[in-house]
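Undergrad:
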Amino acid sequence: MGVARLDEVRAAFLEDLGQAGKDASAVEAVRVKYAGRRSGLLLDLTAALRDLPKEERRDYGRALNDLKQDIGKCLDEAREASISGAAAPQDMVDISLPGMALTRGAEHPVNLVRRKIEEIFLRMGYDVEAGPEIEDDWHNFEALNIPSDHPARDDHDTFYVTGDRLLRTHTSPVQARVMENRKPPIRIIVPGKVYRRDSDLRHSPMFHQIEGLLVDEGISFGNLKATLETFLHALFSGHGVDVRFRPSYFPFTEPSAEVDITCIFCGGSGCAVCSRSGWIEILGSGMVDPRVFERVGIDSERYTGFAFGLGLDRVAMLMYGIPDLRQLFSGDQRLTRQFA
Ligand code: PHE
């Protein structure tokens, strides 16, 4: 016993700690052996103080305190080294594993077409408007001169929500809403989702249209023709298309015209896409019927205007050669990835 014993313990401790290295549980075992609160060696060494002869106690006590402090400090350092060693990234990450691939997102072809069309009309001074997809009978039909007994309702295979509410069958109700709330001049385009109860290669119960409306004093069919020709030449600029107008009928326009472009696949000579006709029908249009103006509170003596509408999905199919309309909405990345 005595100070010599303390030196032995110090040497043994340093030896043990050196062996524990950076292993946190081995360091903890060393702590318990020497500085454990219930049975650590330091406790025994403290208890031994009482049995020493008086004249040895002072030196022993001082040396014991030094030893306690040194052991404490060494344990703290060893613990810190072992903890930071365990958390070090080289122990956590296996850098030989292959990395995570960050796949590039793609814009949906229908959105690409929508943005192209918006850009063309924004350049011509139009605003982009939106409206509700759940519409009332008034805006979807009545205001557009389609009363409930009108045969044109049969062309709109309508999904009804409740008696008066329905999923809009075209974007034209937004025209009615804008005209009710705004004074001419009005120059808008309206892209959006529309719904009809129909599904095959060329139809889907949900599809996309874009609508245009211009109302001002002195607007003529000549303005309609020039605007749509400018638009279609810009949209199909790579294809050098010709544009033709065919008389048609819509309840909310008079006169009305269906607009065709020369087939972008065969250049007009006739192929399977254009059913050998050389032409592809692309949009519906006409001069706003004065009855519509009266219903939405615009002076039909003072103002005239034109409207047009086209299917965005059809244009996407044509532009990108997509054979089945439903592929656009199946969420299959083999289609969309091609646009990344
Ligand atoms: N709303 C018509 C449709 O869905 C398209 C159209 C819009 C026709 C505007 C003329 C003017 O079929």
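Adding 991 to a residue's 1-based position in the sequence shown gives its number in our numbering. From the three backbone atoms N, C-alpha and C, an ideal C-beta is built for every residue, glycine too. Since this is a predicted model, take the numbers as computed values, not measurements.
#1: In the DSSP assignment, find the beta strand (DSSP E) that holds V1234 and state where it starts and stops.
#2: Give me the residue from D1189, A1167, L1192 and R1187 with the minimum Cα distance to V1279.
#3: Can you name the residues that DSSP bridges to R1156?
#4: DSSP state of L1103, grouped into three classes?
#5: Would you give the residue range spanned by the alpha helix (DSSP H) that D1007 belongs to?
#6: Grouping DSSP H, G and I as helix and E and B as strand, with all else coil, what is G1229?
#7: State the DSSP-derived secondary structure class of D1050, mapped to helix, strand or coil.
#8: For S1247, collect the residues of the same chain with a Cβ closer than 6 Å to its Cβ; drop the 5 residues on either side in sequence, then sort them by chain order.
#9: Would you list the one or two residues that DSSP bridges to R1178?
#10: Is it true that the CB of V1000 sits closer than 9 Å to the CB of A1069?
#11: Tell me where the beta strand (DSSP E) around E1272 begins and ends.
#12: Does the beta-carbon of I1137 have 16 or more other beta-carbons within 10 angstroms, so that it is buried, or is it exposed?
#13: What residues are listed by DSSP as bridge partners for I1252?
#14: Here's a check: name, in chain order, each residue in its chain whose Cβ is nearer than 6 Å to the Cβ of V1343, leaving out the five neighbours to either side.
#15: State yes or no: is the C-beta of A1331 nearer than 8 Å to some heavy atom of the ligand PHE?
#16: If we count the other Cβ atoms within 10 Å of its Cβ and call it buried at 16 or more, is P1182 buried or exposed?
#17: Relative to the ligand PHE, is the shortest distance from any of its heavy atoms to the C-beta of S1139 smaller than 8 Å?
#18: Check E1285 in the structure and name its three-state DSSP category.
#19: Less than 8 Å between the CB of A1169 and some heavy atom of the ligand PHE, yes or no?
#20: Does DSSP put G1300 in a helix, in a strand, or in coil?
#21: Under 9 Å between the Cβ atoms of A1134 and V1283?
#22: Measuring alpha carbon to alpha carbon, tell me which residue in E1249, D1290 and C1262 is nearest E1272.
#23: What does the alpha-carbon distance come out to for the pair D1118 and C1257?
TA: So, to answer that:
#1: Start and end: V1234 to F1241.
#2: Cα-wise, what sits closest to V1279 is A1167.
#3: Bridge pairing for R1156: D1127 [DSSP].
#4: The answer is helix: DSSP assigns L1103 an H, G or I state.
#5: Looking at the DSSP string, the run of the alpha helix (DSSP H) that includes D1007 is V994 to A1011.
#6: If DSSP states are grouped into helix, strand and coil, G1229 belongs with the helices.
#7: Secondary structure at D1050: helix, using DSSP grouped into helix, strand and coil.
#8: Same-chain partners within the cutoff: S1239, Y1240, F1241 and G1277.
#9: R1178 pairs with L1205.
#10: Contact: no.
#11: In the DSSP annotation of this structure, the continuous segment of the beta strand (DSSP E) that includes E1272 starts and ends at W1270 to V1279.
#12: Buried: at least 16 other Cβ atoms inside 10 Å.
#13: Beta-bridge pairing links I1252 to V1234 and I1271.
#14: Residue 1343 falls outside the range modelled here, since the chain spans only 992 to 1331, and no answer is possible.
#15: Within 8 Å of the C-beta of A1331 there is not a single heavy atom belonging to the ligand PHE.
#16: By the neighbour-count rule (16 or more Cβ atoms within 10 Å), P1182 is buried.
#17: The nearest non-hydrogen atom of the ligand PHE is 8 Å or more from the C-beta of S1139.
#18: Three-state result, E1285: helix.
#19: The displayed chain sequence assigns Val, not Ala, to residue 1169. Outside the cutoff, so no.
#20: Looking at G1300 - three-state DSSP - the assignment turns out to be strand.
#21: A distance below 9 Å separates the beta carbons of A1134 and V1283.
#22: It is E1249.
#23: Note on geometry: alpha-carbon atoms of D1118 and C1257 lie some 35 Å from one another.
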